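Numbering (my numbering), first residue to last: 916 to 1119.
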């Protein structure tokens, strides 16, 4: 991490969500909360990751194509992933595609509760072939829709996190978000040499 650089630029419309702040603090990341009105005057080169919570104006001023990013905001999806399409539904639970991923660290089951009651979620109704899914909606034969998805394009790590109603996240949802944020920030030490994919060319 460069001198003076912080881990996360947490971009919000007007105020930060305390559940997210708690997760960031608990993980030991440094951050600044950037409100919508501050976007045009912020130097985003000083941050390693963009975390974009909600619908904002001036998203075209964010370095979305050059930064690692995790976005709950559905409007960012088709900017960073051309051809992706986002829809919305209500859900009680979701399912992991597989357990052995950096995103599912600490989980022992592939089913988990997203919310304690049915709440709105965003999902990728259409996703480009280079976007992989981590978790998807449980439902009928027409489901299996990506609710947490990721890609590495041009060596940039990007995560879409579809559980948008943050105040209703369960402990499992919070854990998945923490894992997603960790991967976005530091990547994975694939070869076990103590260096992560953000720093070690052998791990990219």
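In this text, a Cβ means the ideal position worked out from N, Cα and C, and glycines have one as well.
Since the model is a prediction, treat every value here as computed from it, not as a measurement.
Exercise. What number of angstroms, rounded off, separates the C-alpha of residue 992 from the C-alpha of residue 1102?
Worked result: Looking up residue 992 in the chain shown gives position 77. Looking up residue 1102 in the chain shown gives position 187. Looking at the two C-alpha atoms, the distance is approximately 20 Å.
For this session: Look at the alpha carbon of residue 1029 and the alpha carbon of residue 935, and state the distance between them as a whole number of angstroms.
Result: In the chain shown, the residue the question calls residue 1029 occupies position 114. In the chain shown, the residue the question calls residue 935 occupies position 20. Roughly 15 Å between the two C-alpha positions.
For this session: Inspect the beta-carbon positions of residue 1062 and residue 1048 and report whether they are closer than 9 Å.
Result: As a working note, residue 1062 is residue 147 in the chain shown. As a working note, residue 1048 is residue 133 in the chain shown. Closer than 9 Å, so yes.
Exercise. Based on the DSSP output, what are the partners of residue 924 in its beta bridges?
Worked result: Reading the chain shown from its first residue, position 9 is the one you call residue 924. Answer is 947 and 965.
Problem set entry | Start and end residues, beta strand (DSSP E) containing residue 957 | Reading the chain shown from its first residue, position 42 is the one you call residue 957. Counting along the chain, residue 957 falls outside any beta strand (DSSP E), and DSSP gives it neither H nor E.
Exercise. If you drop the 5 nearest sequence neighbours on each side, which residues of the same chain put their C-beta closer than 6 Å to that of residue 957?
Worked result: Here the question's residue 957 lines up with position 42 in the chain shown. Excluding positions up to five away in sequence, the list reads 949.
Exercise. What are the complete beta strand (DSSP E) segments, minimum 3 residues, inside the segment 1061–1090?
Worked result: 1061–1068 and 1071–1076
Problem set entry | Opening and closing residue of the alpha helix (DSSP H) in which residue 995 lies | Here the question's residue 995 lines up with position 80 in the chain shown. Here the alpha helix (DSSP H) through residue 995 covers 992–995.
For this session: From the DSSP output, in three-state form, read off residue 1003 for me.
Result: As a first step, residue 1003 must be located in the chain shown, where it is residue number 88. Reduced to three states, the DSSP call for residue 1003 is strand.
For this session: Evaluate residue 922 with the Cβ neighbour count: other Cβ atoms within 10 Å of its Cβ, from every protein chain shown; 16 or more gives buried, anything less gives exposed.
Result: Against the chain shown, residue 922 aligns to sequence position 7. The residue in question, residue 922, is buried, as its Cβ has 16 or more Cβ neighbours within 10 Å.
Problem set entry | Terminal residues of the alpha helix (DSSP H) in which residue 987 lies | As a first step, residue 987 must be located in the chain shown, where it is residue number 72. Segment: none, residue 987 is in no alpha helix (DSSP H) and carries neither H nor E.
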